[in-house]
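Just so we're aligned: the sequence shown equals residues 2 to 359 in this note's numbering.
Glycine is no exception: its CB is placed at the ideal position from the N, C-alpha and C atoms.
So the structure is just underneath, and the comments pick up after that.
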Amino acid sequence: MTPDATELSARLLAWYDRERRRLPWRPAPGVAADPYAVWISEVMLQQTTVAAVSPYFERFLARWPRLADLAAADLDDVLHAWQGLGYYSRARNLHACARRVVAEHEGRFPASEEGLRALPGIGAYTAAAIAAIAFGQQATPVDGNVIRVLARLYAVVEPLPRARSRIEDLAKALTPARRPGDFAQAVMDLGATVCRPRQPNCPACPWHDACAARAQGQAEVFPVRPPATVKPLRRGVAFWLVRADGAVLLRRRPERGLLGGMMEVPSTPWRAEPWPLAEALALAPVAGASWQALPGLVRHTFTHFTLELAVIAARVGAMAAAAGLWTQPQDFAAQALPTVMKKVVRLARAGPQVSGRR
Ligand code: SF4
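So this is what it looks like as C-alpha cells:
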C-alpha cells in the first residue's frame, strides 16, 4: 500500500534527524533559527551552490552580524562583499530590505508569508522558506530541488514549467503542521545529497519504496523538461581607456536594470546586431583617441542571453576628460566589478600594451 502524506513526511523527518547537513546558517537541532541568518542564506543560495555560499555567508555575518548593521551599511560595501555571487540585484534588494524592516517593522521580520513577500527582493520561495524555517509556519518553499524530488516521487509526466503548480500542490500536501521548517530543509537535503540530478542514490532514500519514478526504473527522466532553447546572443564593444599614469576608466552602471549600480568598463549598449567599428567609436568615452582592437572576445552567459564583448583599447594624456572613475588596476579589487567585467579586465591586461598620447 502506498504510504499516505503523514507517513511520508514522518519518514523524511526521521531521515533528516539522522542525516541533516551541518551548514553555517543552520542552528543545532531544537534550537530556533535566526530569521536574519535564514534570510541571508536563502537569498545567497538562489542560483548558487552551498559550497560557494558558505564562506560568503560567514564573512557577511561576521561583518554585519545583525539586521540593523546591514541596514546601516553603505550599499557599495554590500555590493563589494557580494562580488562573485552574481545576480547583484539580490544584494541591492538585500540592503533595501534591511532598511525597510528597520524603518517599518522595528527591525523584526514579519512572520507571515504575505508580510515577507511585501519586502524588497523576497519572492514566493524565500518568503515560504523564512516563514517555515524561522517562524514555524506551515509554508512550503519550492525550488529546483523540491521540484525534482516531488516530480520523481509521483512520476509527474507533464513537462516543466506547466507541471510546476501541480508539483507545488503535491509538496504542500506533504508539508506537516509540526516541524514544517525541518521538513522544508529535509527536502532540500534529500535533493542535494540523495535525489541528485544525476545518479540518485535511491537505496539510501527514505521514500524508496513509495517512489513511482524509482519503481519505473527511470528516476533521471524526471522532472520532464521541454526541449532546450538556445539563448539569444547580444554583442557589445568595451572601451579599455588607459591614462598616462596607468589609471583605467571605469563607470557605474545605472541603478536600475541588469548589474544595476555595479562598476563596469564603459561599453556600447548590448544588442543582437554586430557593431561596426565606426558606429561603436561614436559612443567612445573620449573622442579622437587612437583605438586598437585587442585579440579575443569576452563571452559571458546571463540568465536570458549570452553576451560577446569585443574590447578596444587606447591611451590618453594625463589631463583627459571623460565621465567616470579613473582607477589604478591594483585598486580594482576595491570596486564592485561583476564577473563579466572581470573577464574584460583579464582580456585587456593580457593583451598588447596600447600606444597613444602620453
Ligand atoms: Fe529520488 Fe530515488 Fe528517492 Fe525516488 S527513490 S525520491 S528517485 S532518491
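Can you name, in chain order, every residue of its own chain whose Cβ lies under 6 Å from the Cβ of residue i, other than the five neighbours on each side?
{"i": "GLY357", "result": "Low per-residue confidence applies at GLY357: pLDDT is 48, beneath 50, and the placement is therefore not dependable, though the value from the model is reported in the following sentence. The answer, listed in chain order, is SER291, ALA315 and ARG316."}
{"i": "ARG215", "result": "CYS203"}
{"i": "ALA285", "result": "PHE240"}
{"i": "ARG359", "result": "With a pLDDT of 37 at ARG359, under the threshold of 50, the modelled position of this residue cannot be trusted, and the question is left open."}
{"i": "ILE123", "result": "LEU117"}
Using C-beta distances below 7 Å, list every residue in its chain close to residue i, excluding the 5 sequence neighbours before and after it, in chain order.
{"i": "GLU43", "result": "THR127, ALA130 and ILE131"}
{"i": "THR3", "result": "ALA211"}
{"i": "LEU171", "result": "LEU151 and TYR155"}
{"i": "ALA321", "result": "ARG244 and VAL287"}
{"i": "LEU175", "result": "ALA6, LEU9 and SER10"}
{"i": "PHE58", "result": "PRO25, TRP26, ILE41, SER42 and MET45"}
{"i": "VAL312", "result": "ALA239, TRP241, LEU295, VAL299, VAL345, LEU348 and ALA349"}
For residue i, collect the residues of the same chain with a Cβ closer than 8 Å to its Cβ; drop the 5 residues on either side in sequence, then sort them by chain order.
{"i": "GLU309", "result": "LEU234, ARG235, ARG236, GLY237, LEU298, VAL299 and ARG300"}
{"i": "GLU169", "result": "THR141 and VAL143"}
{"i": "LEU76", "result": "ARG93, HIS96 and GLY262"}
{"i": "ALA193", "result": "ARG22, VAL51 and ASN146"}
{"i": "GLN217", "result": "ALA156"}
{"i": "VAL231", "result": "none"}
{"i": "GLN84", "result": "ALA337, LEU338 and PRO339"}
Using 8 Å for Cβ pairs, my map puts residue i next to residue j. What's the rounded Cβ distance?
{"i": "ALA213", "j": "LEU154", "result": "7 Å"}
{"i": "ALA279", "j": "THR269", "result": "Not quite, the Cβ-Cβ distance comes to about 12 Å (not below 8 Å), so this is no contact."}
{"i": "ALA135", "j": "PRO36", "result": "4 Å"}
Around the ligand SF4, what residues have a beta-carbon under 6 Å from a heavy atom of it, in chain order?
VAL150, ARG153, LEU154, VAL195, CYS196, PRO201, CYS203, CYS206, TRP208, HIS209, CYS212, ALA214, ARG215 and ALA220
Could you check whether the stretch 224–235 touches the stretch 27–39, counting it as contact only if at least three pairs of C-beta atoms, one from each stretch, sit closer than 8 Å? no
message: For the pair the stretch 95–109 and the stretch 48–55, tell me if three or more CB-CB distances fall below 8 Å.
response: no
> Does the stretch 318–336 come within contact of the stretch 242–254, defined as at least 3 CB pairs closer than 8 Å?
Replying inline: yes
Below 8 Å, can you find three or more Cβ-Cβ pairs linking the stretch 136–152 to the stretch 80–98?
no
TODO: Decide yes or no for the touch test of the stretch 336–350 against the stretch 253–269: beta carbon pairs closer than 8 Å, at least 3 of them.
DONE: yes
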